[in-house]
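Numbering (my numbering), first residue to last: 365 to 713.
Below, the structure written as structure tokens:
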């Protein structure tokens with residue numbers, strides 16, 4: 365009897381060990397290589413924050429477009445990008461709604477991923493909000509400014525301050541957990557200004573007490589949201605990535621043709637009423653498939669992924685953790701244009 369028990373343990377142990385391996389890097393697609401056109405047969409997790417630029421992700425999920433592609437996709441919602449990035453780096457998901465800034469920062473930490481689509485250009489949805497008696501960025505000198513440290517908000521703030529010959533040391537920092545906390549600090553009198561994004565920008569405006577001092581509309585292309593996946597996932601399951609993007613751009617079409625129905629889904633995620641969604645989407649400038657063709661073209665400006673990520677990498681090297689790294693990040697290699705090219709026949713008709 366003991367011999368049979370020992371044999372059973374020998375048989376089951378490898379199976380049990382495989383079950384406990386990290387889903388995203390373990391034997392499921394790390395040790396056993398399936399044919400390249402095989403769809404990923406397990407649950408796929410994509411992380412995202414509550415953001416109007418993620419409209420097509422929410423719609424594709426709730427209208428069942430991922431299921432139509434034979435995929436089981438879960439959109440996991442986070443309150444802030446810092447927690448989202450930490451979970452992504454720790455192996456908590458296959459891909460995420462990302463920022464070109466954070467793609468560079470994550471790569472600086474040795475995380476291999478690829479940009480497969482551009483989702484939106486923030487066009488006023490990110491803003492430095494201030495009390496109405498503060499009329500210009502120059503007046504922030506010596507004022508309390510709330511923002512999430514080591515995040516997009518800090519990057520945006522430093523970029524704007526430098527445009528006005530100021531630096532981070534010229535303001536009084538009020539550290540917040542996330543952009544929602546930054547907005548709360550401003551509204552509760554703990555700060556004179558705050559760096560935040562939609563829907564918090566609209567909520568602050570609606571009080572009549574605060575106004576946008578500087579927004580992403582004043583720096584077109586600076587804040588670009590993209591869809592990224594782990595490099596290993598992209599290389600081993602290209603058909604899956606292509607199917608995800610097919611569902612995504614199908615959701616874009618649905619949103620264009622049925623905005624009222626689509627925005628009910630978006631409102632549920634953002635926690636606002638459906639009638640508030642269109643204004644927030646306008647400030648996010650959600651990109652079409654044709655826009656993606658342009659964004660994936662080579663260029664030196666911020667509206668080309670290549671120019672955008674090169675300039676952001678230079679900024680990170682000068683101001684952030686990148687200044688303390690020795691390995692050069694070649695940002696062009698983080699961009700994977702093949703899927704946009706492959707889907708052109710379907711979405712450019």
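Glycine residues also receive a C-beta, built at the ideal position from the N, C-alpha and C atoms.
Residue i versus residue j - alpha carbon distance
| i | j | result |
| --- | --- | --- |
| residue 648 | residue 471 | 25 angstroms |
| residue 654 | residue 493 | 33 angstroms |
| residue 405 | residue 567 | 41 angstroms |
| residue 517 | residue 559 | 6 angstroms |
| residue 609 | residue 554 | 43 angstroms |
| residue 530 | residue 673 | 24 angstroms |
| residue 614 | residue 503 | 46 angstroms |
| residue 683 | residue 702 | 32 angstroms |
| residue 707 | residue 642 | 27 angstroms |
| residue 569 | residue 622 | 28 angstroms |
Contact with chain C by residue i, beta-carbon distance below 8 angstroms
| i | result |
| --- | --- |
| residue 681 | Protein chain content of the structure displayed is limited to a single chain, and chain C is not contained in it. |
Burial state of residue i, where buried means 16 or more other Cβ atoms lie within 10 Å
| i | result |
| --- | --- |
| residue 484 | buried |
| residue 697 | exposed |
| residue 552 | exposed |
| residue 500 | exposed |
| residue 556 | buried |
| residue 496 | exposed |
| residue 705 | exposed |
| residue 664 | exposed |
| residue 678 | exposed |
| residue 458 | buried |
| residue 594 | buried |
| residue 620 | exposed |
| residue 694 | exposed |
Residue i (DSSP reduced to helix, strand or coil)
| i | result |
| --- | --- |
| residue 694 | coil |
| residue 458 | coil |
| residue 439 | strand |
| residue 706 | helix |
| residue 513 | coil |
| residue 636 | coil |
| residue 622 | coil |
| residue 404 | coil |
| residue 571 | coil |
| residue 535 | coil |
| residue 576 | strand |
C-beta atoms of residue i and residue j nearer than 8 angstroms
| i | j | result |
| --- | --- | --- |
| residue 411 | residue 460 | yes |
| residue 563 | residue 633 | no |
| residue 541 | residue 444 | yes |
| residue 544 | residue 509 | no |
| residue 446 | residue 514 | yes |
| residue 448 | residue 480 | no |
| residue 511 | residue 465 | no |
| residue 588 | residue 482 | yes |
| residue 435 | residue 571 | no |
| residue 598 | residue 700 | yes |
| residue 676 | residue 522 | no |
| residue 439 | residue 451 | no |
| residue 626 | residue 432 | no |
| residue 579 | residue 477 | no |
Residues near residue i by beta carbon distance below 6 angstroms, same chain, minus five either side
| i | result |
| --- | --- |
| residue 662 | 670 |
| residue 565 | 491 |
| residue 711 | 613 and 653 |
| residue 462 | 590 and 592 |
Cβ neighbours of residue i in the same chain (closer than 7 angstroms, five flanking residues each side left out)
| i | result |
| --- | --- |
| residue 652 | 616 |
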